[in-house]
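Student: I have a structure here, written as structure tokens, and I will follow up with some questions on it.
Residue numbers (our numbering): 105 to 374.
Next up, the structure:
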């Protein structure tokens, strides 16, 4: 990406495009997603039409053969944070019971929370800023450094943006995507929701970006999964360090911000 040599003064609307991660120097290098030629120009006073980052869905996830009996809050505090477990406050959030199945608990520490379930270790930040995302990577590096023989399946950065009142141009992309089906459905059937999904790979094939767009009566959602295939701890440690051309988690969030801004216009943190 290039940076303009003579940047123009930022207007009020343009200033709101800035996130905690700084001003985007230019459009992202992903093309071909429906709607990317129809950016909406919105009033800076109309936040109901903003595409907002949904913090609860921001996560760092690692697929692998994890043992919940090892990854206790005390163990994670000691090896992930490098802290004395006696000084770390922990909250346990137990999931709702469904039938005879009980889901995995989520443990909340002051700086982050995590859960181990379904062969994945999921870490969630306490805040959406560069320092908090870097902390997740540091915690995971500490965990992996102690469990170097753990078989892994991949590492991912997940982000979600929502708009409760999408612009007509956004709705039109979903309308076009389902038009052939709508034309062939029997009378009495109406679309309840629409999904548009696409996967992009970098030139080396080492990173996949899975983009899912969803529209229903509650609004529009776009989800990003930056997937990094990794089968060994060494590969994962290189990813977390941003080595070999890989992007850190806060850099991928900045990338997602840029893309959403190009698609929808305004982007703010919820």
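Even for Gly, the Cβ is constructed at its ideal location relative to N, Cα and C. Source: prediction; values computed, not measured.
#1: Give the single residue among 254, 220 and 265 whose Cα lies nearest to the Cα of residue 209.
#2: Within a Cβ cutoff of 7 Å, which residues of the same chain sit near residue 140, ignoring the five residues on either side of it in sequence?
#3: Distance, Cα to Cα, residue 261 vs residue 193?
#4: Distance, Cα to Cα, residue 312 vs residue 344?
#5: Report yes if the CB atom of residue 189 is closer than 8 Å to the CB atom of residue 181, and no otherwise.
#6: According to DSSP, residue 353 sits in a beta bridge with which residue or residues?
#7: Output the distance between the C-alpha atoms of residue 110 and residue 363, rounded to the nearest integer angstrom.
#8: When you compare only the Cα positions, how much space is there between residue 330 and residue 350?
#9: Who are residue 265's beta bridge partners in DSSP?
#10: Reducing DSSP to helix, strand and coil, say where residue 286 ends up.
#11: Chain B beta carbons: is any one of them nearer than 8 Å to that of residue 356?
#12: Which residue spans inside the stretch 216-249 form an unbroken beta strand (DSSP E) run of at least 3?
#13: Hey, quick one: how far does the alpha helix (DSSP H) through residue 378 stretch, first residue to last?
#14: Could you tell me which of 231, 267 and 257 sits nearest to residue 168, measuring between CA atoms?
#15: Select from 283, 212, 267 and 335 the residue whose C-alpha is nearest the C-alpha of residue 240.
#16: What is the DSSP secondary structure of residue 197, reduced to helix, strand or coil?
#17: Just the Cα atoms here: how many angstroms apart are residue 156 and residue 279?
#18: Determine, using beta carbons only, whether residue 272 and residue 162 come nearer to each other than 8 Å.
#19: Under three-state DSSP, which class holds residue 360?
#20: Measure the alpha-carbon distance for residue 318 versus residue 267 and round it to whole angstroms.
#21: Going straight from the alpha carbon of residue 150 to that of residue 298, what length do you get?
#22: DSSP three-state call for residue 252: helix, strand or coil?
#23: Could you name the residues of the same chain whose beta carbon sits closer than 8 Å to that of residue 216, not counting the 5 residues immediately before and after it, in chain order?
#24: Is residue 347 buried or exposed, if buried means 16 or more other CB atoms sit within 10 Å of its CB?
#25: Residue 328: which of 301, 307 and 306 sits nearest, CA to CA?
#26: Grab me the residues of residue 252's own chain with a C-beta within less than 6 Å of its C-beta, minus the 5 sequence neighbours each way, in chain order.
Tutor: Taking the coordinates as given:
#1: 220
#2: For residue 140, the predicted model reports a pLDDT of 36, less than 50, meaning its position is unreliable and no value from the coordinates is stated.
#3: 26 Å
#4: C-alpha separation (whole angstroms): 16 Å.
#5: yes
#6: Bridge pairing for residue 353: absent [DSSP].
#7: Confidence in residue 110 is poor, its pLDDT being 38 and thus under 50, which makes the residue's placement unreliable; the coordinate value appears in the next sentence. Going by the C-alpha atoms only, they are around 23 Å apart.
#8: 11 Å
#9: 157 and 326
#10: helix
#11: In the structure shown, chain B cannot be found, because there is only a single protein chain.
#12: 216-221 and 224-229
#13: Nothing can be reported for residue 378: it is not among the residues displayed for the chain, which extend from 105 to 374.
#14: 257
#15: 212
#16: Taken through DSSP and simplified to helix, strand or coil, residue 197 comes out as strand.
#17: Their Cα atoms are separated by approximately 22 Å.
#18: The beta carbons of residue 272 and residue 162 sit no closer together than 8 Å.
#19: helix
#20: 10 Å
#21: Bear in mind that the predicted position of residue 150 carries a pLDDT of just 41, short of 50, making it unreliable; the figure below should be weighed with that in mind. Taking the straight line joining both Cα atoms gives about 25 Å.
#22: Taken through DSSP and simplified to helix, strand or coil, residue 252 comes out as coil.
#23: Around residue 216: 227, 228, 229, 230, 236, 239, 240 and 243.
#24: exposed
#25: 301
#26: 337
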